[in-house]
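Chains as they are written, first to last, in the working numbering: chain A, 255 to 523; chain B, 368 to 537. For each residue, glycine too, the CB sits at the ideal point set by N, CA and C. The structure presented is a predicted model; accordingly, all values stated were derived computationally and were not measured. First up is the structure itself, then whatever we jot down about it.
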Amino acid sequence: MRGILSIKLIKVFFALFIFLLLIFLNPYNFFSPFRSIANTFFLPFQKVFYTISIAVSGTGEFLGSIGQLKNENAKLLQENQHLLAENSKLLDMQNENVVLREQLKLLPRDKYDLIAASIVSQDPHGMGNWIEIDKGGDDGIVSGMPVIVSKGVLIGRIKDVGPNSSQIMLITNSKSTINVMTLQNSTRGIVKGEYGLGIIFDMILQTDNISVSDDVVTSGIGGEMPRGLYVGSVREIHPSNDQLFQQAVVTSPLQVSKLQTVFIIRENK
Amino acid sequence: MKKKFVYFVMLFCAIVLQTSVLPLFSSTYAIGDVVLMFVLAGAVIDGFPLFFSWSIFIGIIFDLVNYTTIGIHSIIFLLVVYFVSFFSRRFSIELKGVGMVLLVLFVVAATLISRTVMMLLIDFDMGMPLAHLQEIGNLKIISKQIISNLFLFFLCFIVFKKAKKFFAII
Numbered sequence: 255m256r257g258i259l260s261i262k263l264i265k266v267f268f269a270l271f272i273f274l275l276l277i278f279l280n281p282y283n284f285f286s287p288f289r290s291i292a293n294t295f296f297l298p299f300q301k302v303f304y305t306i307s308i309a310v311s312g313t314g315e316f317l318g319s320i321g322q323l324k325n326e327n328a329k330l331l332q333e334n335q336h337l338l339a340e341n342s343k344l345l346d347m348q349n350e351n352v353v354l355r356e357q358l359k360l361l362p363r364d365k366y367d368l369i370a371a372s373i374v375s376q377d378p379h380g381m382g383n384w385i386e387i388d389k390g391g392d393d394g395i396v397s398g399m400p401v402i403v404s405k406g407v408l409i410g411r412i413k414d415v416g417p418n419s420s421q422i423m424l425i426t427n428s429k430s431t432i433n434v435m436t437l438q439n440s441t442r443g444i445v446k447g448e449y450g451l452g453i454i455f456d457m458i459l460q461t462d463n464i465s466v467s468d469d470v471v472t473s474g475i476g477g478e479m480p481r482g483l484y485v486g487s488v489r490e491i492h493p494s495n496d497q498l499f500q501q502a503v504v505t506s507p508l509q510v511s512k513l514q515t516v517f518i519i520r521e522n523k
Numbered sequence: 368m369k370k371k372f373v374y375f376v377m378l379f380c381a382i383v384l385q386t387s388v389l390p391l392f393s394s395t396y397a398i399g400d401v402v403l404m405f406v407l408a409g410a411v412i413d414g415f416p417l418f419f420s421w422s423i424f425i426g427i428i429f430d431l432v433n434y435t436t437i438g439i440h441s442i443i444f445l446l447v448v449y450f451v452s453f454f455s456r457r458f459s460i461e462l463k464g465v466g467m468v469l470l471v472l473f474v475v476a477a478t479l480i481s482r483t484v485m486m487l488l489i490d491f492d493m494g495m496p497l498a499h500l501q502e503i504g505n506l507k508i509i510s511k512q513i514i515s516n517l518f519l520f521f522l523c524f525i526v527f528k529k530a531k532k533f534f535a536i537i
């Protein structure tokens, strides 16, 4: 009995030692071909199941919200009247926006060469670190390309590329850092992920102006990202831990878990 | 050969569920772990000698599909399989009485082992030791995940048993 026990323990310890060694050495590229094979095999099924799940979760949310619809309808009627009044103001602001974009030299949304891709899977541990898409190197995707959704909202950038699938590192990933600025004051800094839970606008100089609800866009510094991709709006401002900079919590306008299609910016037209 | 094929199909379904279905229905950090529960059910039903190599294989396949460093999930699954084997020799594991309590204990332990190893290795990878410590110890999130895992475990356990009976796998 003791002999069997020790054999069992030795087996477990030996396997653990080998795998710990693998983790420390991390020969990531060595396994890339195997990753590609595994992904090729799993991808079609993941795509089908992801699409079905999105539809089911959407239906579930709809059914759950029926009770609220009546109350919301009454509120919406009131809001509608209010919005009609606002609309006239917004028309004026639209014209102003065109002028501002020109002044800030933001890229017009239709000037990107985009590749559409479907999401097939997500970080299974729910840490908001990455998503996987069904386009890869065969479609002209390379590591580092920015990824947006339809209205020019940045969600991350391409990390690993396989022949027909790629991994997108989301801006909520702790390893993600992107140069940004505010639209209102051109206050510059970097946004970085916070363990999949949110986005932090960091390295803002104490002398720079930043306010709650300021819009945060990519600054284009470094050339990694085009200028003017929307990241989110400022929700909260506080000093950094070392008191040298200001930090802001940024709220993204979208929920990545509900997305089905994303666009990869191949290049500026 | 038949056993390998049936197990592989079940593993395949579990991985697709884990990567493409469950994240859409669960909240951040509290996603049920169907692959882990599949391994746990396999370890309870088949025992250590028969499921040892499967746990390594499942870990490697899951890491490959999952873009994680190869070895992380194999370590988690090995620890879980050994934990189960350690208790299985001392108590009879059935879906009633003390056996049932033990199964719940296995699920709780497997969830905690998985969370801890996963978070520590991710922190190590990022060069920020113990950055996720708060999330490991968040009682609300852990409770949610344990409840999801309990449901998934019993689902896997029943599917495993039925499949073995249906395909006459020893």
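Chain B within 8 Å of A/Ile432, Cβ atoms only: Taking the first residue of the first sequence as position 1, residue 432 of chain A is located at position 178. Chain B contact via Cβ: absent.
Chain B contact for A/Lys359 (CB, 8 Å cutoff): Here residue 359 of chain A corresponds to residue number 105 of the first sequence, with the count starting at 1. Only weak support exists for where A/Lys359 lies, its pLDDT of 49 falling under 50; the value from the coordinates is given anyway. With its beta carbon at least 8 Å from every one in chain B, A/Lys359 lies outside the interface.
Separation of B/Gly464 from A/Asp388, as counted between CA atoms: Here residue 388 of chain A corresponds to residue number 134 of the first sequence, with the count starting at 1. Here residue 464 of chain B corresponds to residue number 97 of the second sequence, with the count starting at 1. Spanning the two alpha carbons is a distance of roughly 48 Å.
Bounding residues of the beta strand (DSSP E) (the contiguous stretch that carries B/Ile416): Within the second sequence, the letter at position 49 stands for residue 416 of chain B. Checking the sequence, you will find Pro at residue 416 of chain B rather than Ile. Per DSSP, B/Pro416 belongs to no beta strand (DSSP E); it is in the alpha helix (DSSP H), 415-433.
Simplified DSSP assignment, three categories, for A/Glu448: Locating residue 448 of chain A in the first sequence gives position 194, where the first residue counts as 1. A/Glu448: coil per DSSP, three-state reduction.
Straight-line Cα distance separating A/Ile277 from B/Phe491: For this step, residue 491 of chain B is matched to residue 124 along the second sequence. For this step, residue 277 of chain A is matched to residue 23 along the first sequence. Taking the straight line from one Cα to the other gives about 10 Å.
Contact with chain A by B/Tyr449, beta-carbon distance below 8 Å: Mapped onto the second sequence, residue 449 of chain B falls at position 82. Taking Cβ atoms only, chain A reaches closer than 8 Å to B/Tyr449, which makes this a yes.
Simplified DSSP state of A/Ala370, which is helix, strand or coil: Position 116 of the first sequence, counted from the first residue, corresponds to residue 370 of chain A. Three-state DSSP puts A/Ala370 in a strand.
CB-CB length for B/Ser387 against A/Ser375, believed under 8 Å: If you number the second sequence from 1, residue 387 of chain B lands on position 20. If you number the first sequence from 1, residue 375 of chain A lands on position 121. In this structure B/Ser387 touches A/Ser375 by the C-beta definition: roughly 5 Å separates them, less than 8 Å.
Members of the segment 377-396 of chain B near chain A, C-beta cut-off 8 Å: Flagged, chain order: Phe379, Ile382, Val383, Leu384, Gln385, Thr386, Ser387, Val388, Leu389, Pro390, Leu391, Phe392, Ser393, Ser394, Thr395, Tyr396.
Distance between A/Asp496 and B/Ile586 (C-alpha atoms, nearest Å): Since the first residue of chain B shown is 368 and the last is 537, residue 586 of chain B is not available in this structure.
Outcome for A/Ser428 when other beta-carbon atoms lying within 10 angstroms are tallied against a minimum of 16: Indexing the first sequence from 1 puts residue 428 of chain A at position 174. Label assigned to A/Ser428: buried.
Three-state secondary structure (DSSP) of B/Val475: Taking the second sequence and counting its residues from 1, the one referred to as residue 475 of chain B is at position 108. Three-state result, B/Val475: helix.
Residues in the segment 426-443 of chain B having any Cβ partner in chain A nearer than 7 Å: Only those residues of the segment 426-443 of chain B whose C-beta falls short of 7 Å from the nearest C-beta of chain A are listed: Ile428, Leu431, Val432, Asn433, Tyr434, Thr436, Ile437, Gly438, Ile439, Ser441, Ile442.
Limits of the unbroken beta strand (DSSP E) element including A/Gly383: Numbered from its first residue, the first sequence carries residue 383 of chain A at position 129. In the sequence on display, residue 383 of chain A carries Asn and not Gly. In this chain, A/Asn383 is not harboured by any beta strand (DSSP E), its DSSP state being neither H nor E.
Beta-carbon proximity of A/Phe455 to A/Val445, cut-off 8 Å: Here residue 455 of chain A refers to the residue found at position 201 when the first sequence is read from its first residue. Here residue 445 of chain A refers to the residue found at position 191 when the first sequence is read from its first residue. Between A/Phe455 and A/Val445, the gap from beta carbon to beta carbon is short of 8 Å.
Sequence-distant residues of the same chain with beta carbon closer than 6 Å to B/Ile525, five excluded per side: Position 158 of the second sequence, counting from 1, holds the residue named residue 525 of chain B. Around B/Ile525, the same chain offers no residue with a beta carbon nearer than 6 Å, after the five sequence neighbours per side are excluded.
A/Leu361 (DSSP reduced to helix, strand or coil): As a first step, residue 361 of chain A is located in the first sequence; it is residue number 107 there, counting from the start. Residue confidence is low: A/Leu361 scores 46 on pLDDT, short of 50, so the model does not pin down where it sits. Its coordinate-derived value is still stated next. Three-state DSSP puts A/Leu361 in coil, outside helix and strand.
DSSP three-state assignment for A/Arg481, whether helix, strand or coil: Indexing the first sequence from 1 puts residue 481 of chain A at position 227. Looking at A/Arg481 - three-state DSSP - the assignment turns out to be coil, as it is neither helix nor strand.
is_contact[A/Phe271, chain B] using C-beta, thresh 8 Å: To locate residue 271 of chain A, count along the first sequence from 1; it is residue 17. Not an interface residue.
Any beta strand (DSSP E) of 3 or more consecutive residues that is wholly inside the segment 467-511 of chain A: At a cut-off of 3 residues, the continuous stretches assigned as beta strand (DSSP E) that sit fully inside the segment 467-511 of chain A are 469-472, 484-493, 499-505.
C-alpha gap between A/Val336 and A/Leu483, whole angstroms: The sequence position of residue 336 of chain A within the first sequence is 82, counting from 1. The sequence position of residue 483 of chain A within the first sequence is 229, counting from 1. Sequence inspection shows His at residue 336 of chain A; the Val mentioned does not correspond to that position. If you take the alpha carbons of A/His336 and A/Leu483, they lie about 30 Å apart.
Rounded Cβ spacing between A/Ile412 and A/Ile432 (contact assumed at less than 8 Å): Taking the first residue of the first sequence as position 1, residue 412 of chain A is located at position 158. Taking the first residue of the first sequence as position 1, residue 432 of chain A is located at position 178. About 13 Å separates the Cβ atoms of A/Ile412 and A/Ile432, ruling out a contact at the 8 Å cut-off.
Counted within 10 angstroms of its Cβ, other Cβ atoms place B/Ile537 as buried (16 or more) or exposed: Counting from 1 along the second sequence, the entry for residue 537 of chain B is found at position 170. By the Cβ neighbour-count rule, B/Ile537 is exposed, with fewer than 16 other Cβ atoms within 10 Å of its own.
Continuous alpha helix (DSSP H) stretch holding B/Met377: start and end: Numbered from its first residue, the second sequence carries residue 377 of chain B at position 10. Boundaries of the alpha helix (DSSP H) harbouring B/Met377: 369-387, taken from the DSSP string.
A/Pro378 beta carbon less than 8 Å from that of A/Ile519: Locating residue 519 of chain A in the first sequence gives position 265, counting from the first residue. Locating residue 378 of chain A in the first sequence gives position 124, counting from the first residue. Against a cut-off of 8 Å, the Cβ pair of A/Pro378 and A/Ile519 comes out as no contact.
Cβ-Cβ distance between A/Thr461 and A/Ala370 below 8 Å: Start at 1 with the first residue of the first sequence, and residue 461 of chain A comes out as number 207. Start at 1 with the first residue of the first sequence, and residue 370 of chain A comes out as number 116. Not a contact, by the Cβ cut-off of 8 Å.
A/Phe299: contacting residues in chain B (beta-carbon distance under 7 Å): Taking the first sequence and counting its residues from 1, the one referred to as residue 299 of chain A is at position 45. Under the 7 Å cutoff, chain B gives Val383.
Cβ of A/Lys265 within 8 Å of any chain B Cβ: Residue mapping note: residue 265 of chain A aligns to position 11 of the first sequence, counting from 1. Yes, A/Lys265 counts as interfacial toward chain B.
Sequence-distant residues of its chain with Cβ nearer than 6 Å to A/Lys359 (five each side left out): Taking the first sequence and counting its residues from 1, one reaches residue 359 of chain A at position 105. Confidence in A/Lys359 is poor, its pLDDT being 49 and thus under 50, which makes the residue's placement unreliable; the coordinate value appears in the next sentence. Hits under 6 Å: none found.
B/Asn516, enclosing alpha helix (DSSP H) - first and last residue: Counted from its first residue, the second sequence places residue 516 of chain B at position 149. 506-533 is the span of the alpha helix (DSSP H), which, as asked, contains B/Asn516.
Inter-residue spacing [alpha-carbon to alpha-carbon] between B/Phe392 and B/Leu479: Within the second sequence, the letter at position 25 stands for residue 392 of chain B. Within the second sequence, the letter at position 112 stands for residue 479 of chain B. Each residue's alpha carbon lies about 21 Å from the other.
Straight-line Cα distance separating B/Val484 from A/Phe295: Residue 295 of chain A sits at position 41 when you count from the first residue of the first sequence. Residue 484 of chain B sits at position 117 when you count from the first residue of the second sequence. It is roughly 28 Å from the alpha-carbon of A/Phe295 to the alpha-carbon of B/Val484.
Under the three-state DSSP convention, the category B/Arg456 falls into: Stepping through the second sequence from its first residue, residue 456 of chain B is reached at position 89. Coil at B/Arg456, not helix or strand.
Bridge-paired residues (DSSP) for A/Glu333: Translated into positions along the first sequence, residue 333 of chain A becomes position 79. Residue pairing by DSSP places A/Glu333 in no beta bridge whatsoever.
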